[in-house]
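See structure below.
Numbering (the numbering used here), first residue to last: 41 to 227.
Pasting the structure below:
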């Protein structure tokens with residue numbers, strides 16, 4: 041059975057409830073997943089809030105390095121992840137592999153961008169006065185991942201949020217949670 045990944049640990053839903061994840065191509069049960077509720081969401085948000093300050097104060101360069109490392113861990117399991125996505129989504133293997141390529145490309149892009157974001161100065165109405173724009177993390181981001189391109193779209197949400205110093209709670213689609221959960225575990 042798959043588990044939620046909260047605060048660095050694989051956990052069941054507080055209620056213990058689960059549901060079946062079925063392959064839409066043939067109706068076979070692929071696995072079961074925890075059926076989270078409001079309490080589980082609160083637990084995940086609280087964990088992300090607790091991690092936020094340390095992550096926000098991690099240097100942009102170090103955040104980028106960690107995102108590059110996360111991408112490498114995902115690439116190392118590319119074949120098994122693509123097979124898992126095929127089973128839970130019914131997507132052909134080539135398309136599932138393409139999704140992993142998109143995820144990897146996105147994570148690499150934002151990992152490289154992490155240390156490139158700079159502030160700016162803007163002229164103000166007062167004579168010889170300038171304002172300074174400083175980019176800073178905002179807090180906990182929620183990433184609701186749809187079923188149709190779960191890995192590609194997760195990468196476009198998680199990559200920029202983490203690169204910018206925010207913490208993230210990912211809510212996968214109930215029809216395609218398994219590969220998403222596994223990637224989060226790897227990251």
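Even glycine gets a Cβ: it sits at the ideal position worked out from N, Cα and C.
Residue i - containing alpha helix (DSSP H), residue span
{"i": "residue 190", "result": "190 to 203"}
{"i": "residue 220", "result": "218 to 226"}
{"i": "residue 90", "result": "78 to 96"}
For residue j and residue i, believed in contact at Cβ under 8 Å, the rounded distance
{"i": "residue 110", "j": "residue 147", "result": "6 Å"}
{"i": "residue 72", "j": "residue 53", "result": "That belief does not hold up - the Cβ atoms of residue 72 and residue 53 are roughly 11 Å apart, past 8 Å."}
{"i": "residue 190", "j": "residue 204", "result": "With 8 Å as the limit, residue 190 and residue 204 do not qualify as a contact, their Cβ atoms being about 22 Å apart."}
{"i": "residue 77", "j": "residue 55", "result": "6 Å"}
{"i": "residue 181", "j": "residue 201", "result": "4 Å"}
{"i": "residue 226", "j": "residue 107", "result": "The pair is not a contact, with the Cβ atoms about 12 Å apart (cut-off 8 Å)."}
{"i": "residue 216", "j": "residue 129", "result": "5 Å"}
Run of the beta strand (DSSP E) containing residue i, from where it starts to where it stops
{"i": "residue 26", "result": "Because residue 26 is not part of the residues shown, which for the chain are 41 to 227, the question remains open."}
{"i": "residue 185", "result": "Segment: none, residue 185 is in no beta strand (DSSP E) and carries neither H nor E."}
{"i": "residue 215", "result": "Here residue 215 belongs to no beta strand (DSSP E), and DSSP marks it neither H nor E."}
{"i": "residue 50", "result": "49 to 51"}
{"i": "residue 44", "result": "44 to 46"}
Exposure of residue i, with buried meaning 16 or more beta-carbon neighbours within 10 Å
{"i": "residue 158", "result": "exposed"}
{"i": "residue 207", "result": "buried"}
{"i": "residue 170", "result": "exposed"}
{"i": "residue 131", "result": "buried"}
{"i": "residue 93", "result": "exposed"}
{"i": "residue 139", "result": "buried"}
{"i": "residue 124", "result": "buried"}
{"i": "residue 221", "result": "buried"}
Through-space distance from residue j to residue i, alpha-carbon basis
{"i": "residue 47", "j": "residue 104", "result": "21 Å"}
{"i": "residue 97", "j": "residue 136", "result": "35 Å"}
{"i": "residue 224", "j": "residue 177", "result": "21 Å"}
{"i": "residue 163", "j": "residue 174", "result": "14 Å"}
{"i": "residue 133", "j": "residue 149", "result": "24 Å"}
{"i": "residue 161", "j": "residue 95", "result": "26 Å"}
{"i": "residue 219", "j": "residue 166", "result": "54 Å"}
{"i": "residue 69", "j": "residue 151", "result": "36 Å"}
{"i": "residue 64", "j": "residue 99", "result": "43 Å"}
{"i": "residue 198", "j": "residue 185", "result": "10 Å"}
{"i": "residue 141", "j": "residue 82", "result": "32 Å"}
{"i": "residue 127", "j": "residue 144", "result": "20 Å"}
{"i": "residue 172", "j": "residue 179", "result": "21 Å"}
Minimum Cβ-Cβ distance from residue i to chain D less than 7 Å
{"i": "residue 149", "result": "Among the protein chains of the structure shown there is no chain D, as only one such chain exists."}
Sequence ranges, beta strand (DSSP E) only - wholly within the segment 114 to 183, length at least 3: 160 to 163, 170 to 173
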